[in-house]
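Chains X and L supply the protein sequences, listed in that same order.
No gaps in the numbering here: position 100 of the first sequence is 392 in the numbering used here, and each next residue is one more.
No gaps in the numbering here: position 44 of the second sequence is 336 in the numbering used here, and each next residue is one more.
Note that the Cβ used here is the ideal one computed from N, Cα and C, for glycine as well.
The next block holds one structure in the form of structure tokens; read it before the comments.
Number of protein chains: 2
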Amino acid sequence: MTPSQRLDATFAALADPTRRAILARLAQGDASVAELAEPFAMSQPAISKHLKVLENAGLISTAQDAQRRPRRIEGVRLAEATAWLEEYRQFWDESFQRLDALLEEMKREERQRKRPSRS
Amino acid sequence: MTPSQRLDATFAALADPTRRAILARLAQGDASVAELAEPFAMSQPAISKHLKVLENAGLISTAQDAQRRPRRIEGVRLAEATAWLEEYRQFWDESFQRLDALLEEMKREERQRKRPSRS
């Protein structure tokens, strides 16, 4: 893939709330498909489909653990997306300073996408 | 739109090389549809379709100049996308340091998407 095709795949993969929530979960630590499916109201096949999109975009990889096959985040594609946005810093920098509240709202929304934990 | 829906729209809009090239052109300064269509090997209707996607995502706006109706970049959505990526800095930070070469390659590709200028 060319850099431009990689950006296409990265941004397309990120344009979905479930896939972003999966990345948020993986940011806490590697997880198997079963572990990823658990907090979401989704079947394992549905989760697997999203994982395939993320893996094809290079945003996650599968570790060589024959039993669990845990998924992990790969940072390079996120770095490329960040590098693209960095070129537009003059446009977003001012707004960025005011985004603390927004970030909190985003995190709250992400948490609400998950089922309550069974603690 | 909720913050999550805005991110969906932003990332989907950015997942296209022509739309990214349009933003790269607008980063140089506001431009009318005709001015935007000129450097690309595309019809004005094709460009207009891409502009609609960018405008629906809030990435650009149309200035109130009845004649030219120039488009301009709006930074807030780019700031939100950057804020989302910022949450994953631990994963991309190291790669980011090595992206200078990649950025150059991306810019070269973008330039090649345009027809030679008629200077």
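List the residues of chain L that residue 387 of chain X touches, going by C-beta distances under 7 Å, in chain order.
367, 368, 371
Neighbourhood of residue 305 of chain L by C-beta, 7 Å cutoff - its chain only, sequence neighbours within 5 removed
311, 345, 346, 349, 351
Let's see if you can read the secondary structure: which residues bound the alpha helix (DSSP H) around residue 369 of chain X?
367-378
Check whether the Cβ atoms of residue 298 of chain L and residue 369 of chain L sit closer than 8 Å, and answer yes or no.
yes
Supposed close pair residue 391 of chain L, residue 375 of chain X - CB separation, criterion 8 Å:
5 Å
Against residue 331 of chain L, what residues of chain X qualify as contacts under a CB-to-CB distance less than 9 Å, listed in chain order?
The premise fails here: residue 331 of chain L is roughly 16 Å from chain X at the closest Cβ pair, so nothing lies under 9 Å.
Can you list, in chain order, the residues of its chain whose CB lies under 7 Å from that of residue 320 of chain L, leaving out five sequence neighbours each side?
none
Got a sec? Which residues, its chain only, sit under 8 Å from residue 328 of chain L by beta carbon, not counting five neighbours each side?
314, 317, 318, 339, 343, 363
I'd like the list of long-range same chain contacts for residue 324 of chain L, defined as Cβ closer than 7 Å, with 5 residues on each side in sequence excluded.
360, 361, 362
Please tell me whether residue 365 of chain X and residue 383 of chain L are closer than 8 Å, where the distance is taken between their beta carbons.
yes
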